[in-house]
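In what follows, a single structure is set out as structure tokens and then discussed.
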Amino acid sequence: MTNVLGGELDELRAAVAGSALVPGEAGYDDARRVWNGQIDRRPSLVVVCAGPADVSAALAHAHRAGLAVTVRGGGHNTSGSEVNDGGLMINFSRLNAVTVDPEARRARVGGGALLSDLDAATQAHGLATPGGMISHTGVAGLTLGGGMGWLTRRHGLSVDNLVGAEVVLADGRVVRADADEHPDLFWALRGGGGNFGAVTELEFALHELDPMVNLGFLFWEIERGAEALRCIRGVVPTLSREFNVLIAAMSAPPMPFVPEEHHGRPGVAVLFPGFGSPESHAEALRAFGVESAPLVEFASPIPYPALQQLVDEPNRWGQCAYEKGTQLAELTDETIDVLIERLSRRGSARSQVLLYRLDGAFSEVDEDATAYGGGRTPRYAAMLVGIAEDLAGWEAERAWVRDLWSALQPHSLGVGDYINSMVEFEQERIVASYGPDKYQRLAQIKARYDPGNVFRSNANIRPAQG
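This is the structure in structure tokens:
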């Protein structure tokens with residue numbers, strides 16, 4: 005293995021404060037593992053970094069040995085782009101520290117930290133910043149693609165709250181990117197994915213947040229799913245940003261507040277957190293059931309970290325997943341018909357469609373303020389997720405997702421995909437996701453910071469030529 009790695013493995017191990025692992029060694033399999041159980045790739049070398057200097061040493065070694073590079077933060081991306089066969093994985097799992105300055109309302113977050121790490125540290129001070137909806141998601145990967153979650157209607161995307169980053173560039177230099185230093189790189193990092201360097205630390209603006217959130221959960225069986233969605237679409241535009249809403253075509257979860265006889269039943273759900281008073285939440289929640297009373301209704305105050313962990317178990321590590329995304333301006337009758345009809349075709353009760361409502365603070369950010377692609381007008385981000393317990397069922401769920409995605413395209417905004425939902429990185433879809441002008445700007449920045457396209461295991465932005 006030492007010869008395969010260029011005869012310099014011992015030198016690399018002496019140079020890093022972390023560890024350098026090869027196949028067969030203790031810790032290697034854990035270090036290469038990613039969330040999606042469908043992905044089983046074996047890099048020649050995994051460098052578990054203890055700091056940016058280790059990243060620089062790993063990049064230099066990869067260059068000398070001719071090894072393709074991947075970067076693993078939380079390991080949660082469905083595509084498995086964090087790991088390849090025969091290359092070098094830079095693993096950030098040790099870089100998970102979160103430091104909070106409550107007076108300045110800032111948090112510094114390691115490139116390997118999970119949302120659970122961020123939430124625990126910030127909520128200790130009654131603060132938070134927009135993140136995702138699954139607590140074992142990596143903060144860095146989520147943020148670099150955009151980052152949408154329960155606080156997006158109040159405070160925007162994760163990238164809208166990013167105020168700086170520490171980045172190891174392809175040539176090994178460690179730089180700070182923010183509004184004053186490397187502002188072009190800072191712009192590109194906010195939505196351009198992992199194309200421009202290995203981000204070892206992120207700095208976020210924080211917002212006050214009461215530790216208790218009012219949660220509502222409503223569920224209608226599939227026979228009344230279309231009726232429910234038509235009611236829901238009428239309520240959503242009336243909601244103040246005190247609330248967020250996630251609409252799901254899914255199976256009723258086996259949770260204590262769902263009667264056992266309904267567990268696994270297909271239908272439509274609304275997850276509805278409120279960040280104001282219990283009274284205003286109760287009043288808003290009632291509006292969803294005015295035209296069609298839900299089969300299941302539950303409301304309770306819960307801690308904000310518990311809200312962030314609410315769907316952790318259905319999205320647990322080791323399941324075999326496939327995903328595609330699209331964006332919808334509205335839930336038209338035709339769109340609703342497609343969703344309900346296709347839901348009944350799933351092979352797995354775990355496969356689902358998640359509709360994230362994007363408006364409020366999200367729509368107040370200028371289209372070109374960040375590299376985030378897809379537009380800022382009010383919309384639904386639709387995430388089509390196929391989940392199978394094992395590889396035997398994975399292909400059927402992949403086919404279900406692809407069929408549903410194709411059926412939704414005539415009703416979509418036609419602006420490409422949210423890059424965090426991409427699994428196949430087709431170049432035309434990547435360009436469409438950003439639009440030609442924004443993509444060209446990103447390509448020019450890529451040419452300045454990574455002309456050799458070292459960081460290419462992603463929704464790749466190719467360096468501009470000439």
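Here the sequence shown stands for residues 5 to 470, numbered as in the working numbering. Where a beta carbon is used, it is the ideal one built from N, C-alpha and C, also for glycine.
Look at the alpha carbon of Gly-78 and the alpha carbon of His-140, and state the distance between them as a whole number of angstroms.
Here residue 78 refers to the residue found at position 74 when the sequence shown is read from its first residue. Here residue 140 refers to the residue found at position 136 when the sequence shown is read from its first residue. In a straight line, the C-alpha of Gly-78 is about 7 Å away from that of His-140.
Alpha carbon of Tyr-376 to alpha carbon of Gln-431, nearest angstrom:
The sequence position of residue 376 within the sequence shown is 372, counting from 1. The sequence position of residue 431 within the sequence shown is 427, counting from 1. If I take the Cα positions, the gap works out to 17 Å.
Taking only three categories from DSSP, how would you classify Ala-62?
Position 58 of the sequence shown, counted from the first residue, corresponds to residue 62. Note: Ala-62 maps to helix in three-state DSSP.
Can you tell me where the beta strand (DSSP E) holding Leu-206 begins and where it ends?
Within the sequence shown, the letter at position 202 stands for residue 206. Element bounds for Leu-206: 202 to 209.
Opposite Glu-295 in the DSSP bridges: which residues?
Along the sequence shown, read from residue 1 onward, the residue named residue 295 stands at position 291. Paired residue(s): none; Glu-295 is not in a bridge.
Please return the same chain residues whose Cβ sits closer than 8 Å to the Cβ of Asp-454, not counting the five positions on each side in sequence.
Indexing the sequence shown from 1 puts residue 454 at position 450. The answer, listed in chain order, is Leu-173, Ala-174, Asn-199, Phe-200, Gly-201, Pro-467.
From Gln-312 to Ala-66, what does the alpha carbon distance come to, in whole angstroms?
Counting from one through the sequence shown, the residue named residue 312 turns up at place 308. Counting from one through the sequence shown, the residue named residue 66 turns up at place 62. C-alpha separation (whole angstroms): 37 Å.
Quick check on Leu-491: buried or exposed, where buried means 16 or more other Cβ atoms within 10 Å of its Cβ?
In the structure as shown, the chain begins at 5 and stops at 470. Residue 491 is therefore absent and cannot be evaluated.
Identify, in the order they occur along the chain, each residue of the same chain with its Cβ nearer than 6 Å to the Cβ of Gly-329, setting aside the five sequence neighbours on each side.
Numbered from its first residue, the sequence shown carries residue 329 at position 325. Excluding sequence neighbours, Gly-329 sits near Met-387, Asp-421, Tyr-422, Ser-425.
With distance defined between alpha-carbon atoms, name the residue in Pro-263, Ala-108, Asp-182, Arg-76 nearest to Phe-221.
Residue numbering aside, residue 221 sits at position 217 when the sequence shown is read from its first letter. Minimum Cα distance to Phe-221 is reached at Pro-263.
Got a sec? Which residues, its chain only, sit under 6 Å from Val-51 by beta carbon, not counting five neighbours each side?
Stepping through the sequence shown from its first residue, residue 51 is reached at position 47. Within the same chain, Val-51 has close Cβ partners Ala-24, Ala-62, Ile-94.
If you draw a straight line from the alpha carbon of Gly-142 to that of Phe-190, how long is it in whole angstroms?
Taking the sequence shown and counting its residues from 1, one reaches residue 142 at position 138. Taking the sequence shown and counting its residues from 1, one reaches residue 190 at position 186. Rounded to whole angstroms, Gly-142 to Phe-190 spans 19 Å at the Cα level.
Short check: CB of Asn-248 to CB of Arg-361, under 9 Å?
Counting from 1 along the sequence shown, the entry for residue 248 is found at position 244. Counting from 1 along the sequence shown, the entry for residue 361 is found at position 357. Yes.
Taking the runs of the alpha helix (DSSP H) that are 4 residues or longer, which of them lie wholly in the segment 156 to 226?
156 to 159, 187 to 193
Start and end of the beta strand (DSSP E) containing Gln-356?
Working through the sequence shown from its first residue, we reach residue 356 at position 352. Counting along the chain, the beta strand (DSSP E) containing Gln-356 begins and ends at 356 to 362.
If you drop the 5 nearest sequence neighbours on each side, which residues of the same chain put their C-beta closer than 6 Å to that of Gly-470?
Residue 470 sits at position 466 when you count from the first residue of the sequence shown. For Gly-470, where only same-chain residues beyond five positions count, there are no Cβ hits under 6 Å.
Could you spell out the range, first to last residue, of the alpha helix (DSSP H) harbouring Thr-147?
For the purposes of this step, residue 147 is identified with residue 143 of the sequence shown, where counting begins at 1. 143 to 149 is the span of the alpha helix (DSSP H), which, as asked, contains Thr-147.
Using a threshold of 9 Å, state whether the C-beta atoms of Thr-133 and Leu-219 are closer than that.
Along the sequence shown, one-based indexing puts residue 133 at 129. Along the sequence shown, one-based indexing puts residue 219 at 215. No, they are not a contact pair.
Is the beta carbon of Leu-395 less than 9 Å from the beta carbon of Leu-359?
As a working mapping, residue 395 is identified with position 391 in the sequence shown. As a working mapping, residue 359 is identified with position 355 in the sequence shown. Going by C-beta atoms, Leu-395 is not nearer than 9 Å to Leu-359.
Extent of the continuous beta strand (DSSP E) run through Val-52:
Against the sequence shown, residue 52 aligns to sequence position 48. Its beta strand (DSSP E) spans residues 49 to 52.
Quick one: is Phe-459 buried, meaning 16 or more other Cβ sit within 10 Å of its Cβ, or exposed?
Residue 459 sits at position 455 when you count from the first residue of the sequence shown. So Phe-459 ends up on the buried side.
Roughly how many whole angstroms lie between the Cα atoms of Ala-124 and Ala-183?
Sequence index remark: in the sequence shown, residue 124 carries index 120 (1-based). Sequence index remark: in the sequence shown, residue 183 carries index 179 (1-based). For Ala-124 and Ala-183, the distance between alpha carbons rounds to 28 Å.
Can you round the beta-carbon distance between Phe-96 and Arg-76 to whole angstroms, since I take them to be within the 8 Å contact cut?
The residue given as residue 96 occupies position 92 in the sequence shown. The residue given as residue 76 occupies position 72 in the sequence shown. With a Cβ gap of about 6 Å, Phe-96 and Arg-76 count as contacting.
Are at least three pairs of beta-carbons, each pair with one atom in the segment 260 to 279 and one in the segment 221 to 230, less than 8 Å apart?
yes
Does DSSP classify Leu-471 as helix, strand or coil?
The requested residue 471 does not occur in the structure, where the chain is confined to residues 5 to 470.
From this set, Gly-351, Ser-304, Ala-365, which residue's C-alpha is nearest Val-4's C-alpha?
Outside the modelled stretch of the chain, which goes from 5 to 470, sits residue 4, for which no answer is possible.
Where does the unbroken alpha helix (DSSP H) through Gln-312 begin, and where does it stop?
Walking along the sequence shown from the start, residue 312 turns up at place 308. Residues 308 to 312.
For Leu-71, which residues of its own chain have a beta-carbon under 6 Å away from its beta-carbon, when the five flanking residues on both sides are left out?
As a working note, residue 71 is residue 67 in the sequence shown. So the list reads Gly-91, Leu-92, once near-sequence residues are dropped.
Close Cβ partners of Pro-282 (< 6 Å) along its chain, the five nearest in sequence each way excluded:
Translated into the one-based positions of the sequence shown, residue 282 becomes position 278. Counting only Cβ-Cβ distances below 6 Å, and skipping sequence neighbours, we find Asn-218.
How should His-267 be labelled, buried or exposed, when 16 other C-beta atoms within 10 angstroms of its C-beta is the threshold for buried?
Locating residue 267 in the sequence shown gives position 263, counting from the first residue. Counting Cβ neighbours within 10 Å, His-267 comes out exposed, since fewer than 16 surround it.
Considering only their Cβ atoms, is the gap separating Gln-356 from Ile-306 smaller than 9 Å?
In the sequence shown, counting from the first residue as 1, residue 306 sits at position 302. In the sequence shown, counting from the first residue as 1, residue 356 sits at position 352. No. Outside cutoff.
Hey, quick one: how far does the beta strand (DSSP E) through Arg-76 stretch, first residue to last?
Stepping through the sequence shown from its first residue, residue 76 is reached at position 72. Where Arg-76 is concerned, the enclosing beta strand (DSSP E) stretches over 73 to 76.
Bridge partner(s) assigned by DSSP for Pro-270:
Residue mapping note: residue 270 aligns to position 266 of the sequence shown, counting from 1. According to DSSP, Pro-270 bridges with Ser-255.
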